[in-house]
Structure formats: C-alpha cells, structure tokens
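Just below is one structure, and these are the notes that go with it.
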Amino acid sequence: EPEVTQTPSHQVTQMGQEVILRCVPISNHLYFYWYRQILGQKVEFLVSFYNNEISEKSEIFDDQFSVERPDGSNFTLKIRSTKLEDSAMYFCASELARYEQYFGPGTRLTVT
Amino acid sequence: AQSVTQPDIHITVSEGASLELRCNYSYGATPYLFWYVQSPGQGLQLLLKYFSGDTLVQGIKGFEAEFKRSQSSFNLRKPSVHWSDAAEYFCALRGDSSASKIIFGSGTRLSIRP
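Taken in order, these protein sequences are the chains called A and B. With my numbering applied, the first sequence has no gaps in its numbers, which climb one by one up to 112 at the end. With my numbering applied, the second sequence has no gaps in its numbers, which climb one by one up to 226 at the end.
Below is the structure:
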C-alpha cells in the first residue's frame, strides 16, 4: 500500500539554524499539508499546498516558514531561523481529493 | 468557529472492560469526522472515519463510532479493551472541500488497568 514518507525521522539543530524537513507524498495525490505537534499537545495545522501554491496557512506559519514542491515528488518545509519553540513533531500529509489525508510517520525536530 | 472538544483528558479502564471516548464538534455544516490513535513517540494511525451515510462506522482494531448530528458528537467505542489499546486518541474533523485542513481535538489518553 502506498504511504507518505518523511526524512529525517529525528533532526537536532541549534537555535538560529535553518532546517528543511522532507516529505514524499503518495504519488498521485494532489493536496499536501504540514502539521505539527508540540510534545504533549494536540496536532495543529500549519499549511496546505495545491497546484504549486499555498492554499491556506495558519497563524503559526509566519515568515520563518516556507514550503515548496521542488521536483514533483518531494514536498519540503523550511524553517529559516529555528527557535526553541519550534521543537515539535512535524507531520506531512497528502490527499487525492476530498477524501482522507494520509499522514507520514513524522519528523521530530529538536532545537537546542 | 470550527472546533473539536474531547472532554476527558485521561481515562483508565480495566482490560476487558468496555470503552467510550467522547468527542463533540462545532462546525457550520456536516463535517468529515475521524478518530486517530497515537502511541508514544509514534505517528497518527487512522482508526475510522465518517463521511456520510450510516451513522455507525466500523474501524480497525474493533473500534466503532457513532455520529449523532443532534448532539454534535462522534463518540468512539470498543466493547472490550486490550492492554495494547493504551495510547492517545484524537478526534478530528475537516470540511468537505479539497485542501480542507484537519482540526484535531486535544486528545484523550487511555490507560489500561491489568
């Protein structure tokens, strides 16, 4: 069964550094998402992406964040200058159309 | 405003006992509803979903949920829990249009008493 994959599984970075989290969505899916979950809290929506542009973004998704689909298969989330409060589990999801979103296993980001 | 409320932060049940986890939602129309389970440090596994039709939906691992429009609820049930069911459970909703974000509840942690 096709699945969403994410790399790396765990990323440790220093405050102020740039990080790129990578996702490979299911190949025929059209809609892509990033969510995050701070330890012990609920999962929060960050951004949705369709047709090479952002469809919706939350108030969390400020200028420090960006997304792109550079090569038609990968979907990346970049954090330009990480802060301690960016430490969280980041989930990628993809969707075919108006159906279920399939979640990846997550990338745990630790900012020190 | 769209929201999902899970009123129980933590529930403990005995192995073999029945389980009901509560979920209430606020949404302007009929949402798509989901239950996810998350083991510590792991990703999100979809237990079941409701899009339309029969209001009682069956999921994996013996779970079921019932959509009650009049009560804006989508409670999760299992007739007999197993120790392996100990995890965090999230109720969630989304709208019926494409690129519609999922809104998650704050979760209910389930512990199983031997």
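From the three backbone atoms N, C-alpha and C, an ideal C-beta is built for every residue, glycine too.
Backbone CA spacing between residue i and residue j [nearest angstrom]
| i | j | result |
| --- | --- | --- |
| B:ALA211 | B:GLN114 | 16 Å |
| B:GLY140 | B:TRP195 | 38 Å |
| A:ASP62 | B:ASP120 | 32 Å |
| A:GLN41 | A:SER9 | 19 Å |
| A:VAL12 | B:HIS122 | 31 Å |
| A:SER66 | B:ARG225 | 45 Å |
| B:VAL125 | A:ASN51 | 46 Å |
| A:VAL111 | A:PHE45 | 20 Å |
| B:GLY155 | B:TYR201 | 12 Å |
| A:GLU53 | A:VAL19 | 20 Å |
| B:ASP208 | A:SER48 | 15 Å |
| B:SER192 | A:ALA93 | 31 Å |
| A:ILE79 | A:GLN64 | 6 Å |
| A:SER27 | B:ILE172 | 25 Å |
| A:PHE75 | B:LEU158 | 22 Å |
| A:THR5 | B:PHE186 | 30 Å |
Exposure of residue i, with buried meaning 16 or more beta-carbon neighbours within 10 Å
| i | result |
| --- | --- |
| A:GLN37 | buried |
| A:ALA97 | exposed |
| B:GLN150 | buried |
| A:PRO25 | buried |
| A:GLY104 | buried |
| B:ASP197 | buried |
| B:PRO143 | buried |
| B:THR167 | exposed |
| B:ILE215 | buried |
Reference residue i, options the options, closest by Cα
| i | options | result |
| --- | --- | --- |
| B:THR117 | B:SER138, B:TYR162, B:SER130 and B:VAL169 | B:SER138 |
| B:LEU189 | B:LEU222, B:SER182, B:GLN157 and B:ILE215 | The amino acid occupying residue 189 of chain B in the given sequence is Arg; Leu does not appear at that position. Taking only the C-alpha atoms, the option nearest B:ARG189 is B:LEU222. |
| B:GLY153 | B:ALA199, B:THR220 and B:SER218 | B:ALA199 |
| B:SER218 | B:THR124, B:ASN136, B:LYS173 and B:SER126 | B:ASN136 |
| B:GLU178 | B:LEU160, B:SER192 and B:TYR148 | B:LEU160 |
| B:GLN169 | B:ASP197, B:GLN157 and B:LEU145 | Here residue 169 of chain B turns out to be Val, not Gln, going by the sequence shown. Checking every option, the nearest Cα to that of B:VAL169 belongs to B:LEU145. |
| A:GLU3 | A:TRP34, A:GLU53, A:TYR102 and A:ARG80 | A:TYR102 |
| A:PHE32 | A:LEU77, A:THR107, A:VAL111 and A:LEU109 | A:LEU77 |
| A:GLU95 | B:LYS213, B:LEU205 and B:PHE202 | B:LYS213 |
| A:THR7 | A:LEU109, A:LEU21 and A:THR82 | A:LEU21 |
| A:VAL43 | B:CYS203, B:LEU131, B:PRO143 and B:GLY171 | B:CYS203 |
| A:THR107 | A:VAL47, A:TRP34 and A:LEU30 | A:TRP34 |
| A:LEU30 | A:GLU100, A:GLU85, A:LEU39 and A:THR112 | A:GLU100 |
| A:LEU84 | A:MET15, A:GLN64 and A:THR5 | A:MET15 |
| B:PHE163 | B:PHE216, B:ILE215 and B:LEU205 | B:LEU205 |
| B:GLU132 | B:ILE215, B:PHE175 and B:LEU158 | B:PHE175 |
| A:LEU109 | A:THR5, A:GLU1 and A:LEU39 | A:LEU39 |
| A:SER81 | A:GLN17, A:THR5 and A:CYS23 | A:GLN17 |
| B:THR220 | B:ARG134, B:GLY171 and B:LYS173 | B:ARG134 |
Proximal chain E residues relative to residue i, where beta-carbon distance stays under 7 Å
| i | result |
| --- | --- |
| A:GLN101 | Among the chains of the structure shown, chain E does not appear; the protein chains present are A and B. |
**Study point:** Inter-stretch contact at 8 Å, needing at least 3 Cβ pairs: the stretch 70-77 of chain A / the stretch 53-60 of chain A
**Key:** no
Check your understanding: Are there three or more Cβ pairs, one per stretch, closer than 8 Å when the stretch 89-109 of chain A is compared with the stretch 178-189 of chain B?
Key -> no
Exercise for review: Quick one: which residues of the stretch 81-95 of chain A get their C-beta closer than 9 Å to a C-beta of chain B? List them in chain order.
Suggested key: MET89, PHE91, ALA93 and GLU95
Point to revise | Within 9 Å of chain B by C-beta, residues of the stretch 54-72 of chain A in sequence order | key: SER55, GLU56 and SER58
Check your understanding: In chain order, what residues of the stretch 209-223 of chain B put their CB closer than 9 Å to some CB of chain A?
Key -> SER209, SER210, ALA211, SER212, LYS213, ILE214, ILE215, PHE216, GLY217, SER218 and GLY219
Point to revise | Short-range partners of chain A found in the stretch 147-173 of chain B, where Cβ spacing is below 9 Å | key: TYR148, GLN150, GLY153, GLN154, GLY155, LEU156, GLN157, LEU158, LYS161 and PHE163
Review point. Closer than 8 Å, Cβ to any Cβ of chain A: which residues of the stretch 171-202 of chain B, in chain order?
Key: PHE202
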